[in-house]
Amino acid sequence: MALASPGEEAGGGGAAAAAAGGGGGVGAEGVVRGGGGGGERRGGGGRRAGRALLHSSHMYHEAKSSFAHHGVKFSNLEVDLPAMMAQKDKAVAGLTKGIEGLFKKNKVTYVKGFGKLASPSEVSVDLSDGGSTVVKGKNIIIATGSDVKSLPGVTIDEKKIVSSTGALCLSEIPKKLVVIGAGYIGLEMGSVWNRLGSEVTVVEFAPDIVPSMDGEVRKQFQRMLEKQKMKFMLKTKVVGDDTSGDGVKLTLEPAAGGEQSVIEADIVLVSAGRVPYTAGIGLESVGVETDKAGRILVDKRFMTNVNGVYAIGDAIPGPMLAHKAEEDGVACVEFIAGKEGHVDYDTVPGVVYTHPEVASVGKTEEQVKALGIPYRVGKFPLLANSRAKAIDDAEGLVKVVAEKETDKILGVHIMAPGAGEIIHEAVLALQYGASSEDIARTCHAHPTVSEALKEACLQTFTKAIHI
Ligand SMILES: Cc1cc2nc3c(=O)[nH]c(=O)nc-3n(C[C@H](O)[C@H](O)[C@H](O)COP(=O)(O)OP(=O)(O)OC[C@H]3O[C@@H](n4cnc5c(N)ncnc54)[C@H](O)[C@@H]3O)c2cc1C
Numbered sequence: 001m002a003l004a005s006p007g008e009e010a011g012g013g014g015a016a017a018a019a020a021g022g023g024g025g026v027g028a029e030g031v032v033r034g035g036g037g038g039g040e041r042r043g044g045g046g047r048r049a050g051r052a053l054l055h056s057s058h059m060y061h062e063a064k065s066s067f068a069h070h071g072v073k074f075s076n077l078e079v080d081l082p083a084m085m086a087q088k089d090k091a092v093a094g095l096t097k098g099i100e101g102l103f104k105k106n107k108v109t110y111v112k113g114f115g116k117l118a119s120p121s122e123v124s125v126d127l128s129d130g131g132s133t134v135v136k137g138k139n140i141i142i143a144t145g146s147d148v149k150s151l152p153g154v155t156i157d158e159k160k161i162v163s164s165t166g167a168l169c170l171s172e173i174p175k176k177l178v179v180i181g182a183g184y185i186g187l188e189m190g191s192v193w194n195r196l197g198s199e200v201t202v203v204e205f206a207p208d209i210v211p212s213m214d215g216e217v218r219k220q221f222q223r224m225l226e227k228q229k230m231k232f233m234l235k236t237k238v239v240g241d242d243t244s245g246d247g248v249k250l251t252l253e254p255a256a257g258g259e260q261s262v263i264e265a266d267i268v269l270v271s272a273g274r275v276p277y278t279a280g281i282g283l284e285s286v287g288v289e290t291d292k293a294g295r296i297l298v299d300k301r302f303m304t305n306v307n308g309v310y311a312i313g314d315a316i317p318g319p320m321l322a323h324k325a326e327e328d329g330v331a332c333v334e335f336i337a338g339k340e341g342h343v344d345y346d347t348v349p350g351v352v353y354t355h356p357e358v359a360s361v362g363k364t365e366e367q368v369k370a371l372g373i374p375y376r377v378g379k380f381p382l383l384a385n386s387r388a389k390a391i392d393d394a395e396g397l398v399k400v401v402a403e404k405e406t407d408k409i410l411g412v413h414i415m416a417p418g419a420g421e422i423i424h425e426a427v428l429a430l431q432y433g434a435s436s437e438d439i440a441r442t443c444h445a446h447p448t449v450s451e452a453l454k455e456a457c458l459q460t461f462t463k464a465i466h467i
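Letter 55 of the sequence shown, counting from 1, is numbered 55 in the UniProt record's numbering, and no numbers are missing.
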């Protein structure tokens, strides 16, 4: 039985586990939190909605700023926000239906409501349609996901101060949007509204945006976002809000302390991180252990300290990403079925869906340096890639970090159009322990943006051809 998911859409860890469990003959029931089950949580539903809005807003931005340059001219370009939102809602609804279909196909019983662990083999459910029930299972997988991290002094009301959920449903384009937090969600949402015409300022406590990103790539990424007119206030913390007027006044302070200032906005998006959603689901009553951050502790088989109770996805340590949650879910079910499961968190790719996209897998140069591993770096600028040049979309680079002695690839970082697709060649390379020479000697179709990865590998191993 999986406690949680699929929520608003397909792809979460719980859904994958339930489908794999049903399909694999383990037998599965999915307990899903519905609208009536304790209020809306801000969870994985933003993923596909975000992608839809990123695509729509990118189309508008291209039409506004690039089409004429390519000889495509028209007049009266305008944004129809209700239509854009309707397309996003349609896309998400279609995906939700898809997962319900998968449940049916895999013989998963779907119970809608808010579930709590009642014993190591029972989940009590407050049903969304009223009433309650108890679902029994030999094994329970907790896949309750994560929630937005709250900030002291800032109250999310989902009207003027919104989480990513609210930022995906604004009914008007804010004139001024302040984003708190320069992680991938904040930058993606900021990009959407920036493209649609908002003046976007990102306030970040840390000295850099997306701290997990390779330093060199991150710097170029920030420059690119600034070129797109996003503003950044780094090393700055938000300490209070005032929503009494028309908009919001945020009180800011330097991260190290000092003189306060005020920034005004029509809408404020809080995206300062996410926390595991593990409180209030009966963990204490059954004795399931969590760490200080509230993440459920599991062993290599995804089992908690309580026999038969498992946990996966954002609720446990590891990258908070949908594809990682899905891999967890499938591996967990394989273990339950008595087979071997495997998830390598070192080869989980990460993608920021801005334009261009930024994708990475493996270690950053900083991480390799900190580990004291002798390494080589190969870089290739998109400006030297013929496909990127031909389509006039040549901002970015590919960077490869490989072990000096063995040439084994340790990390790949790509800022390029379609980076989120190209990265999988690198994921496979890391998975198989490939060297930069392996990719450098692999024939790549011409002209493609993927050739930039081959060239960066050539540059790592010996010398790129086209620079
Ligand atoms: C705006 C946004 C954009 C994102 N974009 C990306 C992206 O581009 N790529 C990516 O990989 N990841 C992205 N993520 C992260 C991704 O959504 C999560 O990592 C992923 O959904 C985690 O999967 P999960 O199965 O652990 O939890 P979730 O997908 O969050 O699923 C948990 C489900 O459990 C339900 N639930 C919780 N408690 C209970 C309960 N007690 N009883 C019953 N049901 C319950 C919830 O309602 C929810 O439906 C994004 C997240 C956000 C918020």
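For every residue, glycine included, the Cβ atom is placed at its ideal position computed from N, Cα and C.
Quick caveat: nothing in here was measured; it's all calculated off a predicted structure.
Asked: Which residue comes first and which comes last in the alpha helix (DSSP H) that contains Asp328?; Found: 322-336
Asked: So is Pro276 buried or exposed if we call it buried at 16+ other beta carbons inside 10 Å?; Found: buried
Asked: Consult DSSP for Met230 and reduce its assignment to one of helix, strand or coil.; Found: coil
Asked: Applying the 10 Å Cβ sphere with the 16-neighbour rule, what's the burial state of Gly355?; Found: The question names Gly, but residue 355 in the sequence shown is His. Buried is the call here.
Asked: Ser146 bridges to which residues according to DSSP?; Found: Pro276
Asked: Are the beta-carbon atoms belonging to Thr364 and Ser212 less than 9 Å from one another?; Found: yes
Asked: My parser needs the alpha helix (DSSP H) runs of 4 or more residues fully inside the region 183-250; what are they?; Found: 184-195, 215-227
Asked: Considering just the uninterrupted stretch of the alpha helix (DSSP H) at Ile423, what are its terminal residues?; Found: 419-431
Asked: Is the Cβ-Cβ distance between Phe380 and Ile439 less than 9 Å?; Found: no
Asked: In terms of residues, what are the limits of the alpha helix (DSSP H) holding residue 494?; Found: There is simply no residue 494 to check, as the chain begins at 1 and stops at 467 in what is shown.
Asked: Please report the distance separating the alpha-carbon of Asp126 from that of Ala17.; Found: 22 Å
Asked: Is it buried or exposed for Thr406, if we count other Cβ within 10 angstroms and need 16 for buried?; Found: exposed
Asked: Is Gly36 helix, strand or coil by DSSP?; Found: Confidence in Gly36 is poor, its pLDDT being 32 and thus under 50, which makes the residue's placement unreliable; the coordinate value appears in the next sentence. Residue state, collapsed to three classes: coil.
Asked: For Arg51, which three-state DSSP category applies?; Found: helix
Asked: May I ask whether a heavy atom of ligand 1 can be found less than 8 Å away from the beta carbon of Thr290?; Found: no
Asked: With distances taken from CA atoms, which of Met230, Val412, Gly420, Glu421 is nearest Leu430?; Found: Val412
Asked: Out of curiosity, what's the CA-to-CA distance linking Lys389 and Ala20?; Found: 43 Å
Asked: Using a threshold of 8 Å, is the CB atom of Arg51 nearer than that to any non-hydrogen atom of ligand 1?; Found: yes
Asked: Are there three or more Cβ pairs, one per stretch, closer than 8 Å when the region 314-322 is compared with the region 140-159?; Found: yes
Asked: At 4 residues or longer, and completely inside the region 56-130: list those alpha helix (DSSP H) runs for me, N to C.; Found: 81-105
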